[in-house]
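Okay, so here's the structure we're looking at.
In my numbering, the protein residues as written are 16 to 237.
Set out below in structure tokens:
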């Protein structure tokens, strides 16, 4: 499962050169993340913040990069909190914290708390519902998971993790017909790999419990 930080479509500017620097540093940081060059990504995001400290997405991106280091948790949390202070309606930082607790820290209680905070910040934040859906799926609460995933795809049908999770939740809830529809949809968007996973689980009932909880549980950053 993947957490995506979306590129900014606008930048607060203090002049053309400064805005250009902000864009350059931020986009360079994203590219470094994709290449696995975490120290360079951190450096680039910090340069973007120095150029303009008022962009919450810059702080959120820095937090994501810091979470990929062994000793970056405190700095990451500070960066995420700064992002939420700059924009109280920005759900991504809360979601990223929730993802850390769901995956690395293995604390589903705190994970749920921060996924819920992401929705409080932005009621249409599909990834927050997706995170809650995965937590329920890990507990084999198929029916509850279905409700969360359906809310997620209603708000943003392009969140692949939600579409995949919904298919697994239908399997866990013994809704075979609905699961088949999820398989068809995943194929339509070019995710045959995820469609096959759901099919394999449906063909092998004894695998269902372990695979529906592990088939995608645990978001990755970026």
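Ideal placement from N, C-alpha and C gives every residue a C-beta, glycine not left out.
- Item | Buried or exposed (CB count within 10 angstroms, at least 16 for buried), residue 107 | If you number the chain shown from 1, residue 107 lands on position 92. Flag for residue 107 reads buried.
- Sequence ranges, beta strand (DSSP E) only - wholly within the region 60-126, length at least 3: none
- Note down, one range per segment and in chain order, each alpha helix (DSSP H) of at least 4 residues found wholly within the region 140-209. 141-153, 157-170, 175-187 and 191-203
- Separation of residue 105 from residue 135, as counted between CA atoms: Mapped onto the chain shown, residue 135 falls at position 120. Mapped onto the chain shown, residue 105 falls at position 90. Near 10 Å, if we compare the C-alpha coordinates of residue 105 and residue 135.
- Can you tell me the Cα-Cα spacing of residue 87 and residue 168, whole angstroms? Here residue 87 corresponds to residue number 72 of the chain shown, with the count starting at 1. Here residue 168 corresponds to residue number 153 of the chain shown, with the count starting at 1. Looking at the two C-alpha atoms, the distance is approximately 32 Å.
- Would you mind giving the Cβ-Cβ distance between residue 61 and residue 77, rounded to the nearest angstrom? I have them listed as a contact below 8 Å. To locate residue 61, count along the chain shown from 1; it is residue 46. To locate residue 77, count along the chain shown from 1; it is residue 62. 7 Å between Cβ atoms; contact.
- Query: Within 6 Å: the Cβ of residue 78 and any heavy atom of the ligand NAD?
  - Reply: Ligands in the displayed structure: none, and consequently the ligand NAD is not present.
- Message: Measuring only the C-alpha atoms, how far is residue 208 from residue 69?
- Response: Mapped onto the chain shown, residue 208 falls at position 193. Mapped onto the chain shown, residue 69 falls at position 54. Using only the alpha carbons, I get a separation of about 40 Å.
- Skipping 5 residues on each side, what residues in its chain have a beta carbon closer than 8 Å to that of residue 59? Locating residue 59 in the chain shown gives position 44, counting from the first residue. Result list for residue 59: 40, 41, 43, 44 and 47, in chain order.
- Message: Suppose the cutoff is 7 Å on Cβ atoms and the five residues either side in sequence are ignored; what does the same chain contact list for residue 194 look like?
- Response: Working through the chain shown from its first residue, we reach residue 194 at position 179. Answer for residue 194: 182, 185, 186, 213 and 217, listed in chain order.
- Query: Which term fits residue 198, buried or exposed, when burial requires 16 or more other beta carbons within 10 angstroms of its beta carbon?
  - Reply: Taking the first residue of the chain shown as 1, we reach residue 198 at position 183. Its Cβ being crowded by 16 or more others within 10 Å, residue 198 is buried.
- To which residues of the same chain is residue 103 closer than 7 Å at the C-beta, ignoring the five residues directly before and after it? Along the chain shown, one-based indexing puts residue 103 at 88. Excluding residues within five positions, the ones whose Cβ falls inside 7 Å are 136.
- Contact check, residue 37 vs residue 67, beta carbons under 7 Å: Along the chain shown, one-based indexing puts residue 37 at 22. Along the chain shown, one-based indexing puts residue 67 at 52. Yes, these two residues count as a Cβ contact at 7 Å.
- Are residue 188 and residue 201 closer than 7 Å when you measure CB to CB? On the chain shown, position 173 is the one that residue 188 refers to. On the chain shown, position 186 is the one that residue 201 refers to. No, the pair does not count as a contact, with Cβ atoms beyond the cut-off.
- Message: Spatial neighbours of residue 57 within its chain, please: C-beta separation below 7 Å, excluding the five flanking residues on both sides.
- Response: The residue given as residue 57 occupies position 42 in the chain shown. Closer than 7 Å at Cβ, skipping near neighbours: 77, 80 and 81.
- Closest to residue 54 by CA distance: which of 115, 84, 35 and 71 is it? Position 39 of the chain shown holds residue 54. Looking at the Cα atoms, 84 is the closest of the given residues.
- Whole-angstrom distance between residue 159 and residue 35, CA atom to CA atom: Locating residue 35 in the chain shown gives position 20, where the first residue counts as 1. Locating residue 159 in the chain shown gives position 144, where the first residue counts as 1. Approximately 46 Å between the Cα atoms of the pair.
- Query: Quick one, are the C-beta atoms of residue 142 and residue 109 less than 7 Å apart?
  - Reply: Position 127 of the chain shown, counted from the first residue, corresponds to residue 142. Position 94 of the chain shown, counted from the first residue, corresponds to residue 109. For residue 142 and residue 109, no; Cβs fall outside 7 Å.
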